[in-house]
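The structure appears right after this line, and notes come after that.
Residue numbers (our numbering), protein chains in the order written: chain A, 31 to 141; chain B, 21 to 133.
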């Protein structure tokens, strides 16, 4: 099942700089997109979401951009902090209900 | 801040045995879910539950699996006869409405020997 893809397994960023995590999807029926952060031995923690009727949503240091024509979304973290180091999952749903997850991107923020 | 809780944190069982994984969703939430993550793989949807019945299930969720909300607060996942390939992290999640973000519990690590 490759409906949600995160093509970068890992990303390393210097503290204070911008982190950009990318996600592509293939199912045009998806209408709600979410980003989750996960630490080892913990469950996914909700970060930010966006509905398909929007192209941008911002919450503090986190901004999600949605490009429906390209079936692409991205998460920007500015400024990046060492505590942001974790696995970031992109997820999508259609009409609510089940989430389809990407494989995750490991973010390392170096101090 | 309200959170989803899960017990046990780690369950070890013998192949063929029944296991019950327990979850307490956020109290005013209406939608409940189980997901699993096999080591090194994606988080996969198993089942969703609303209004005391299954609203959607994946092909993974076969006759060996069942869910129940026995007492208005707990939400359980039962695996009747465990297989080696059932070894995974099992995550419970809940949401207020179907279109809301889902909040996940810390997970139960199931090891089938």
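All C-beta atoms in this analysis are idealised placements derived from N, C-alpha and C, irrespective of residue type, glycine included.
Using a 10 angstroms sphere on the CB of residue 41 of chain B, the tally of other CB atoms reaches 16 or more, which defines it as buried. When Cβ-Cβ separations below 8 Å define contact, residue 22 of chain B makes no contact with chain A.
Within the model, the alpha-carbon separation for residue 94 of chain A versus residue 44 of chain B is close to 30 Å.
When beta bridges are read from the DSSP output, residue 129 of chain B appears opposite B:30, B:109. Residue 134 of chain A and residue 115 of chain B have their alpha carbons spaced roughly 22 Å apart. For residue 124 of chain A, the closest C-alpha among the options A:36, A:54, A:63, A:92 is that of A:63. Its Cα nearest to that of residue 111 of chain A, the residue A:141 stands out among A:90, A:141, A:79. The bridge partners DSSP lists for residue 88 of chain A are A:93. At a cut-off of 8 Å, the C-beta of residue 133 of chain A has a neighbouring C-beta in chain B. For the set B:123, B:109, B:132, B:121, the Cα lying nearest the Cα of residue 29 of chain B is the one of B:109. DSSP lists A:54, A:97 as the beta-bridge partner residues of residue 102 of chain A.
Its chain contains 52, 54 as the residues whose beta carbon lies nearer than 8 Å to that of residue 37 of chain A, once the 5 sequence neighbours on both sides are disregarded; these appear in chain order. Going by beta carbons, residue 108 of chain A and residue 136 of chain A fall outside the 8 Å limit. Along the segment 101-126 of chain B, the positions whose C-beta sits under 7 Å from a C-beta of chain A are 111, 118, 119, 121, 122, 123, 124, 125, 126, read in chain order.
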